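The sequence shown begins at 1 in UniProt numbering and counts up by one. Virtual Cβ for every residue (Gly too), placed ideally from N, Cα, C. These numbers were taken from a predicted model, which means no experiment stands behind them. Report on the following structure.
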Amino acid sequence: MSQTHFGFQQVDEKDKASKVRGVFDSVASKYDLMNDLMSAGLHRAWKAYTLQVANLKPGERALDIAGGTGDLSRAFARKVGETGLVVHTDINEAMLRQGRDRLLDEGLILPTSLADAEKLPFKSESFDLVSVAFGLRNMTHKDRALAEMCRVLKPGGRLLVLEFSKIAEPLRKPYDWYSFNILPKLGSLFAGDAESYKYLAESIRMHPDQATLKAMMKTAGFGHVDVHNLSAGIVALHAGIKC
Numbered sequence: 001m002s003q004t005h006f007g008f009q010q011v012d013e014k015d016k017a018s019k020v021r022g023v024f025d026s027v028a029s030k031y032d033l034m035n036d037l038m039s040a041g042l043h044r045a046w047k048a049y050t051l052q053v054a055n056l057k058p059g060e061r062a063l064d065i066a067g068g069t070g071d072l073s074r075a076f077a078r079k080v081g082e083t084g085l086v087v088h089t090d091i092n093e094a095m096l097r098q099g100r101d102r103l104l105d106e107g108l109i110l111p112t113s114l115a116d117a118e119k120l121p122f123k124s125e126s127f128d129l130v131s132v133a134f135g136l137r138n139m140t141h142k143d144r145a146l147a148e149m150c151r152v153l154k155p156g157g158r159l160l161v162l163e164f165s166k167i168a169e170p171l172r173k174p175y176d177w178y179s180f181n182i183l184p185k186l187g188s189l190f191a192g193d194a195e196s197y198k199y200l201a202e203s204i205r206m207h208p209d210q211a212t213l214k215a216m217m218k219t220a221g222f223g224h225v226d227v228h229n230l231s232a233g234i235v236a237l238h239a240g241i242k243c
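See below:
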């Protein structure tokens, strides 16, 4: 049986998805609160920047993968208008339910789909934009997921990957101290779950750095990839164009 990483642990590939599901089942109800606490609200600025880069137009079609509680789906829907389409997806039912309910509370009725990014249930060349925010690092086969995202994009379509990345070297030590000491404590205090936030810190370290992810996207079929480092590289937005 092939092995893969779950944080710093080595696990069977077949077990990773269920372990990740357990993490997000545990944190779903406190996900938005914890995002604000962990990032001091910066995640809102990162997503706002992603929306600007997306540059969606009325009538376009967007797919939000690992859409969670729906921040980007909501913003995309306002850009594409009534003539466009935004599909809100996640592999985790608890997260998808949180996002769907939140969108409904705000009067937005969007197609919502329980979907595995490695086997997307959509026709080829269906979307103008695909986004995945803070979800790629949890996927077992990132290369397969990126290839699927490329498949469902129209020629000239855009993929936006917003994800934790490799921070600038002078900030590495304090960032590591914060990640491994403060994050689990915040998880324990506000979500009743220190272990899931320990996994979060570990999963960030195991995720490909900016240059490696750019190369992976090119291999998957994106002819042009720009990398936007945000907050000194704590997060990077990779923007790829399908050629």
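For E163, the enclosing beta strand (DSSP E) stretches over residues L153 to F164. For I204, the enclosing alpha helix (DSSP H) has its first and last residue at A194 to M206. By the Cβ rule, the region 49-69 counts as touching the region 130-144, because three or more pairs are nearer than 8 Å. About 26 Å separates the Cβ atoms of R21 and S126, ruling out a contact at the 8 Å cut-off.
Under the Cβ criterion (8 Å, minimum of three pairs), the region 22-32 does not count as touching the region 217-228. DSSP, read as helix, strand or coil, puts S26 in helix. With at least 16 other beta carbons inside 10 angstroms of its own, E163 counts as buried. In this chain, the alpha helix (DSSP H) harbouring N35 covers Y31 to S39. Only residues of its own chain outside the window of five on either side were considered, and among them I167 have a CB closer than 6 Å to the CB of I234, listed in chain order. Under the 10 Å beta carbon count, P155 is surrounded by fewer than 16 other beta carbons and is classified as exposed.
DSSP lists A236 as the beta-bridge partner residues of N229.
Take I91, set aside five residues on each side of it, and the residues of its chain with a beta-carbon closer than 6 Å to its own are D116, in chain order. For A48, the enclosing alpha helix (DSSP H) has its first and last residue at L42 to A54. Where R61 is concerned, there is no enclosing alpha helix (DSSP H), although the beta strand (DSSP E) around it starts and stops at R61 to I65.
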